[in-house]
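Undergrad:
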Amino acid sequence: MDKFKHFGLKILNAFKRVGLFIVKGIPLGIYNFFKSIVFAIINFFKRLKGAKNEHPNSFKRGLASFFLMGLGQIKNKQWYKGVPILAIFLLFIIIEIATSGYWWALSGEIANYPAEGKLYFFRDYGGLFTRGIWGLLTLGAVTTYSTYRGVDIRPRGALFGWDMGDNSRVLLGEGVIVFVLVALLFILWIVSIRDAYKTHLKVAAGKTIEDAKSFYKRISEEYFAYLIIIPALMLITFFILIPFIFSFMVAFTNYTDNISLGRELIEWHGFDTFVKVFNPEEDWFKFFNQTLMWTLFYAFMSSVTVYVLGLVQAIIIESKYVVGKKVWRTIFILPWAIPGMIILLLFSNVFGADQGLLNNILASTGSTDAFRGFLRSIGLVGQASEGNILWFTSSANAPLARTIIILVNLWMGFPYFMLMITGVLTTIPKMLIEAADIDGATSWQKFRYLTLPWVIRGTAPVIITTFTFNFNNFGMIYFLTGGGPGYPRSEIPTALIGVAPGQTDILISWIYKLSFESTVNQFNLAAAYSILIFLLIGVVALVQLSRLKSFWEEE
Amino acid sequence: MANYNEKRQKPQSTKSRLKGYALKGNIKKGLAGTFIYGWLMASLTIILVPILWMISAAFTDTENLNAVPIIPNPTRWSLANYQEIFTYTGSTTQALPDYPRAFLVSLGVASLSTVLTVIFSSLVGFAFSRYRFHGKKPVLLSMFGLQLFPSFMGMIALFLLFNQFGWLNSWPHLSLIYVAGSIPFNTFIIRGFMKNIPLSLDESARIDGASNVQVLRKIIIPLAAPILGFVAVDSFMKPWLDYILPSILMPENETVAMWLFRVNDNESQPYNPMLFMAGGLFIAVPIMMVQIYMQKYVVYGLTGGAEKG
Numbered sequence: 001m002d003k004f005k006h007f008g009l010k011i012l013n014a015f016k017r018v019g020l021f022i023v024k025g026i027p028l029g030i031y032n033f034f035k036s037i038v039f040a041i042i043n044f045f046k047r048l049k050g051a052k053n054e055h056p057n058s059f060k061r062g063l064a065s066f067f068l069m070g071l072g073q074i075k076n077k078q079w080y081k082g083v084p085i086l087a088i089f090l091l092f093i094i095i096e097i098a099t100s101g102y103w104w105a106l107s108g109e110i111a112n113y114p115a116e117g118k119l120y121f122f123r124d125y126g127g128l129f130t131r132g133i134w135g136l137l138t139l140g141a142v143t144t145y146s147t148y149r150g151v152d153i154r155p156r157g158a159l160f161g162w163d164m165g166d167n168s169r170v171l172l173g174e175g176v177i178v179f180v181l182v183a184l185l186f187i188l189w190i191v192s193i194r195d196a197y198k199t200h201l202k203v204a205a206g207k208t209i210e211d212a213k214s215f216y217k218r219i220s221e222e223y224f225a226y227l228i229i230i231p232a233l234m235l236i237t238f239f240i241l242i243p244f245i246f247s248f249m250v251a252f253t254n255y256t257d258n259i260s261l262g263r264e265l266i267e268w269h270g271f272d273t274f275v276k277v278f279n280p281e282e283d284w285f286k287f288f289n290q291t292l293m294w295t296l297f298y299a300f301m302s303s304v305t306v307y308v309l310g311l312v313q314a315i316i317i318e319s320k321y322v323v324g325k326k327v328w329r330t331i332f333i334l335p336w337a338i339p340g341m342i343i344l345l346l347f348s349n350v351f352g353a354d355q356g357l358l359n360n361i362l363a364s365t366g367s368t369d370a371f372r373g374f375l376r377s378i379g380l381v382g383q384a385s386e387g388n389i390l391w392f393t394s395s396a397n398a399p400l401a402r403t404i405i406i407l408v409n410l411w412m413g414f415p416y417f418m419l420m421i422t423g424v425l426t427t428i429p430k431m432l433i434e435a436a437d438i439d440g441a442t443s444w445q446k447f448r449y450l451t452l453p454w455v456i457r458g459t460a461p462v463i464i465t466t467f468t469f470n471f472n473n474f475g476m477i478y479f480l481t482g483g484g485p486g487y488p489r490s491e492i493p494t495a496l497i498g499v500a501p502g503q504t505d506i507l508i509s510w511i512y513k514l515s516f517e518s519t520v521n522q523f524n525l526a527a528a529y530s531i532l533i534f535l536l537i538g539v540v541a542l543v544q545l546s547r548l549k550s551f552w553e554e555e
Numbered sequence: 001m002a003n004y005n006e007k008r009q010k011p012q013s014t015k016s017r018l019k020g021y022a023l024k025g026n027i028k029k030g031l032a033g034t035f036i037y038g039w040l041m042a043s044l045t046i047i048l049v050p051i052l053w054m055i056s057a058a059f060t061d062t063e064n065l066n067a068v069p070i071i072p073n074p075t076r077w078s079l080a081n082y083q084e085i086f087t088y089t090g091s092t093t094q095a096l097p098d099y100p101r102a103f104l105v106s107l108g109v110a111s112l113s114t115v116l117t118v119i120f121s122s123l124v125g126f127a128f129s130r131y132r133f134h135g136k137k138p139v140l141l142s143m144f145g146l147q148l149f150p151s152f153m154g155m156i157a158l159f160l161l162f163n164q165f166g167w168l169n170s171w172p173h174l175s176l177i178y179v180a181g182s183i184p185f186n187t188f189i190i191r192g193f194m195k196n197i198p199l200s201l202d203e204s205a206r207i208d209g210a211s212n213v214q215v216l217r218k219i220i221i222p223l224a225a226p227i228l229g230f231v232a233v234d235s236f237m238k239p240w241l242d243y244i245l246p247s248i249l250m251p252e253n254e255t256v257a258m259w260l261f262r263v264n265d266n267e268s269q270p271y272n273p274m275l276f277m278a279g280g281l282f283i284a285v286p287i288m289m290v291q292i293y294m295q296k297y298v299v300y301g302l303t304g305g306a307e308k309g
């Protein structure tokens, strides 16, 4: 009895800690975060003032680079630093001017086509960068088939494009790319200001500064490392970072399917989408809530069940009674060795309603009615019709579909844990077992106090990874049930017909449907849901990452 | 002491005591054995029946899944499904039948991303394990920060991006996404492995006048071959049967995963689960063999490799 009490207390304690973390830890963390930002800003200005008063000449060098990138370096007689920085800056300016219409603006086009309402100067005449930033800020201003500056705006326009309608998606995309480029320039700017200031400090203190030769030597030694990582970083920036920033931004717009090209423009809508997600009076909230609950339940259950079964199988195969351990293990590995997608599509056929392995077996043995009755008595089946069991298609059978998902996940997931736990079992020191034998421990005691703790200690982190993996296991739902069965028609408000999730949809599969498959694609909602998933999973992953000591040991 | 004496006072003949013990032990052993073998047989059945059914369906000439024998039946053996998938062509403009074509596209995507992933992540891993440079820690941290973003977050943006640049339906561009996505994790693994290669090896090579590239090619890469092999297999498997990205970015250039999904989806043309069974089995068998062969490394890579970092 004491054991149970102890166990209960342990669980209570864990809950208490989680609760404390939510109530106290998270607000405190947010408060500290903002506090540190405010202090960093105040500190920065204090240091700036200090620098100005104590080293006015060095401050001026920094100021020179502030006004013209690289000027401070050139004044420091470090032309080998100043000229390349200046060249990069000039390159940006040249691109800006070359891609702009400033010339047309100066040569009197504005007078010829005056704007009646507002003139969007950067829209009409800006270069790559100014136009990109303008587009990012406004997401377009002129719709197709309206009149702007006395010209009817048509889908395709003339020379420089100001008489063409705006396409918010393009503006957003280009804007994000420009934003990243400008951010890189900004970083270079800051670096050059700091460098000009610090170098002059050294000069003022009478220290020697490095000459061109030693600078280039140092750079070329570092150069190799940069050279080999830069292509990879560019790939990551273009295919991961920029799409991520874009998606993040979409959540704060009104971007849905209603926005057809150019006819209507995307607008910044602040937190409107998040209000839609969290306001209990919105129709979306109910579905989000139910989907989230099911996602959490599914992810939890599917991680725990595979772990337990993996443990059981590993221990049974390792037991002394079993002959031919290797053969058994190889057979049990099969579900893991077959690609998951193929297994899931196979099981979608096993549980087919009209043609399916299970219904076929039940029908040919004449036990359909008995089995259906049994499932009904335990509350899994509620279908009105007799005949075949509608595993995934009857909206009253949702509990059945959900149970099957967890069972199929168990079928395909346990071998991995079996393999892993078998591996961990072999690492238990023989000495420990012998010592336990000498002390007269029963096999249950050996299992409970020796094997189990050892295995859990070795594999606990993997349970968390499995949880996060399952949380986003798109294929599990999409290939097996396709999200079905749907909610009963009476429960779906008219506004949400065609976009509501199915009863087995998890968040990720619903997001996919919202973005690409529904009748009215809701890109902003999909993006908002992804941000929520990211926050949830990101926190778990960060905790996981922070446990890897070697990661933080990097100098 | 009293207890001990009590026991001694009721002596049992050695023979009968041994016999009783053996009998009791046998029954216990027998029960446990029966239970364990019963359990193993039940597991075996549940695991094998769907797989056997799939094999059986792949080699049975029928249109209805209900007509497929659960256990493969040699008398109904037929290659009709395979004939169908290797000859059926949906559109007249393409040179190859649907299935072989999809197979080749997937092979292209997976091979290209394997090659590029191994090259890029061994280079980055080498840089991070051997060099000190400005911005090392921020770059490393932000790379792993980025890795936390689930890839689907960028789906909408990737679609627009590909649309904008005219890259839709182009498989080399698709494979670049997989490469970008798998660099961080693989870098992590490779860097951990390379850190364990003694620095004295490079130093002695450098004294002999080896350049950066030579150190990498002649010393580090051969020693890191096992982990590179693991990375290669892993980065082949990921894109090989991925569905989401190709279904969005290559709507008219089918991969094998898209083909499998299409023939198994009762809303699409042609719907024929028998073709899925045949085509799926054809793909599953080689992968299954590789996986069974690689099991040690895979488990190592996901636990040991990450733990060691």
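If you read the sequences in order, they're chains A and B.
With the first letter of the first sequence counted as 1, position 311 gets the number 311 in the numbering used here; the numbers rise by one all the way through.
With the first letter of the second sequence counted as 1, position 4 gets the number 4 in the numbering used here; the numbers rise by one all the way through.
Don't be surprised by glycine CBs; every beta carbon is placed ideally from N, CA and C.
Nothing here was measured: the structure is a model prediction, and the numbers come from that model.
#1: Based on the DSSP output, what are the partners of residue 151(A) in its beta bridges?
#2: Would a C-beta distance cut-off of 8 Å place residue 359(A) and residue 353(A) closer than the cut-off?
#3: Label residue 125(A) either buried or exposed according to how many other C-beta atoms from any shown protein chain fall within 10 Å of its C-beta, with 16 as the threshold for buried.
#4: Under the three-state reduction of DSSP, which class applies to residue 502(A): helix, strand or coil?
#5: Since residue 319(B) and residue 122(B) should fall inside the 8 Å C-beta cutoff, what is the C-beta to C-beta distance between them, to a whole number of angstroms?
#6: Run through DSSP, which three-state label would residue 289(B) get?
#7: Report the residue from 481(A), 110(A), 487(A) and 536(A) whose alpha carbon sits nearest the alpha carbon of residue 509(A).
#8: Using a 10 Å radius around the Cβ and a threshold of 16 neighbouring Cβ atoms, would you call residue 33(A) buried or exposed?
#9: Where residue 478(A) and residue 197(B) are concerned, what is the direct C-alpha to C-alpha distance, given to the nearest angstrom?
#10: Could one say the Cβ of residue 370(A) lies closer than 8 Å to chain D's Cβ atoms, at least one of them?
#11: Output needed in chain order: residues of the segment 40-51 of chain B with a Cβ under 9 Å from some Cβ in chain A.
#12: Any idea which residues DSSP pairs residue 486(A) with across the strands?
#13: For residue 194(A), count neighbouring Cβ atoms within 10 angstroms of its own Cβ and tell me buried if that reaches 16, exposed if not.
#14: Out of 191(A), 228(A) and 241(A), which one is the CA nearest neighbour of residue 176(A)?
#15: If you check the beta carbons only, do residue 178(B) and residue 239(B) fall under 8 Å apart?
#16: So which residues on chain B does residue 557(A) lean against when the C-beta distance must stay under 9 Å?
#17: Helix or strand or just coil, what does DSSP make of residue 77(B)?
#18: Give, in chain order, every residue of the segment 281-312 of chain A whose Cβ lies closer than 7 Å to some Cβ of chain B.
#19: For the segment 509-525 of chain A, enumerate the residues whose C-beta is nearer than 8 Å to any C-beta of chain B, in chain order.
#20: Might you give, ordered along the chain, the residues of its own chain that have their beta carbon closer than 7 Å to the beta carbon of residue 283(B), omitting 5 neighbours on each side?
#21: Counting only C-beta atoms, is residue 335(A) closer than 8 Å to chain B at any point?
#22: What do you reckon, are the CB atoms on residue 504(A) and residue 402(A) nearer than 8 Å?
#23: Under 8 Å between beta-carbons, which chain A residues line up against residue 257(B)? List them in chain order, please.
#24: Using 8 Å as the limit for Cβ to Cβ distance, is residue 375(A) near chain B?
#25: In the structure shown, what three-state DSSP assignment does residue 14(A) receive?
#26: Restricting to runs no shorter than 3 residues, where is the beta strand (DSSP E) found entirely within the segment 106-159 of chain B?
#27: Kindly indicate if chain B contains any beta-carbon less than 8 Å away from that of residue 226(A).
#28: For residue 253(A), write down the residues that DSSP places opposite it in a beta bridge.
#29: Can you give me the C-alpha to C-alpha distance between residue 537(A) and residue 208(A), rounded to a whole angstrom?
#30: From the DSSP output, in three-state form, read off residue 293(A) for me.
#31: Can you name the start and end residues of the alpha helix (DSSP H) that residue 79(A) belongs to?
#32: Can you tell me which of the three DSSP states residue 164(A) falls into?
#33: For residue 160(B) versus residue 169(A), is the C-beta spacing smaller than 8 Å?
#34: By the DSSP assignment, the alpha helix (DSSP H) with residue 325(A) in it spans what residues?
#35: If you run the structure through DSSP and keep just helix, strand and coil, what is residue 255(B)?
#36: Which one of 146(A), 215(A), 196(A) and 397(A) has the shortest CA to CA distance from residue 378(A)?
TA: According to the data block:
#1: The residue you call residue 151(A) lines up with position 151 of the first sequence. Bridge partners of residue 151(A): 148(A).
#2: Here residue 359(A) is taken as the residue at index 359 of the first sequence, counted from 1. Here residue 353(A) is taken as the residue at index 353 of the first sequence, counted from 1. Yes. Within cutoff.
#3: Taking the first sequence and counting its residues from 1, one reaches residue 125(A) at position 125. Counting Cβ neighbours within 10 Å, residue 125(A) comes out buried, since at least 16 surround it.
#4: Sequence index remark: in the first sequence, residue 502(A) carries index 502 (1-based). The answer is strand: DSSP assigns residue 502(A) an E or B state.
#5: In the structure as shown, chain B begins at 1 and stops at 309. Residue 319(B) is therefore absent and cannot be evaluated.
#6: The residue labelled residue 289(B) in the question sits at position 289 within the second sequence. Reduced to three states, the DSSP call for residue 289(B) is helix.
#7: Locating residue 509(A) in the first sequence gives position 509, counting from the first residue. Comparing Cα positions, the closest option is 481(A).
#8: Taking the first sequence and counting its residues from 1, the one referred to as residue 33(A) is at position 33. Exposed is the call here.
#9: Here residue 478(A) refers to the residue found at position 478 of the first sequence. Here residue 197(B) refers to the residue found at position 197 of the second sequence. Each residue's Cα considered, the two are about 44 Å apart.
#10: In summary, chain D is missing from the structure at hand, where the protein chains are A and B.
#11: 40, 43, 44, 46, 47, 48, 49, 50 and 51
#12: Here residue 486(A) corresponds to residue number 486 of the first sequence, with the count starting at 1. Paired residues: 502(A).
#13: Translated into the one-based positions of the first sequence, residue 194(A) becomes position 194. Exposed, because fewer than 16 other Cβ atoms sit within 10 Å of the Cβ of residue 194(A).
#14: Position 176 of the first sequence, counting from 1, holds the residue named residue 176(A). For the residues 191(A), 228(A) and 241(A), the minimum Cα distance to residue 176(A) belongs to 241(A).
#15: By 1-based counting over the second sequence, the position of residue 178(B) is 178. By 1-based counting over the second sequence, the position of residue 239(B) is 239. Contact flag set, yes.
#16: Outside the shown range of chain A (1 to 555) lies residue 557(A), about which nothing can therefore be said.
#17: Here residue 77(B) is taken as the residue at index 77 of the second sequence, counted from 1. It is a strand residue.
#18: none
#19: When CB distances to chain B are screened at a threshold of 8 Å, the residues of the segment 509-525 of chain A falling below it are 511, 512, 515, 516 and 523, in chain order.
#20: Locating residue 283(B) in the second sequence gives position 283, where the first residue counts as 1. Around residue 283(B): 256.
#21: Sequence index remark: in the first sequence, residue 335(A) carries index 335 (1-based). So, interface residue.
#22: As a first step, residue 504(A) must be located in the first sequence, where it is residue number 504. As a first step, residue 402(A) must be located in the first sequence, where it is residue number 402. The Cβ atoms of residue 504(A) and residue 402(A) sit closer than 8 Å to each other.
#23: Numbered from its first residue, the second sequence carries residue 257(B) at position 257. Here the neighbours are 341.
#24: Translated into positions along the first sequence, residue 375(A) becomes position 375. No, residue 375(A) lies away from the interface with chain B (no Cβ there is under 8 Å from its Cβ).
#25: Along the first sequence, one-based indexing puts residue 14(A) at 14. Note: residue 14(A) maps to helix in three-state DSSP.
#26: none
#27: Mapped onto the first sequence, residue 226(A) falls at position 226. True, the Cβ-Cβ gap to chain B drops below 8 Å.
#28: As a first step, residue 253(A) is located in the first sequence; it is residue number 253 there, counting from the start. Per DSSP, 268(A).
#29: Numbered from its first residue, the first sequence carries residue 537(A) at position 537. Numbered from its first residue, the first sequence carries residue 208(A) at position 208. Near 51 Å, if we compare the C-alpha coordinates of residue 208(A) and residue 537(A).
#30: Along the first sequence, one-based indexing puts residue 293(A) at 293. Look at residue 293(A) here: in three-state DSSP terms it is helix.
#31: Counting from one through the first sequence, the residue named residue 79(A) turns up at place 79. Segment 79-98, the alpha helix (DSSP H) holding residue 79(A).
#32: For the purposes of this step, residue 164(A) is identified with residue 164 of the first sequence, where counting begins at 1. Looking at residue 164(A) - three-state DSSP - the assignment turns out to be strand.
#33: Along the second sequence, read from residue 1 onward, the residue named residue 160(B) stands at position 160. Along the first sequence, read from residue 1 onward, the residue named residue 169(A) stands at position 169. Yes, the Cβ-Cβ distance between residue 160(B) and residue 169(A) is below 8 Å.
#34: Here residue 325(A) refers to the residue found at position 325 of the first sequence. Unbroken alpha helix (DSSP H) run through residue 325(A): 325-337.
#35: Here residue 255(B) refers to the residue found at position 255 of the second sequence. Three-state result, residue 255(B): coil.
#36: Looking up residue 378(A) in the first sequence gives position 378. Residue 378(A) has its Cα closest to that of 397(A), out of 146(A), 215(A), 196(A) and 397(A).
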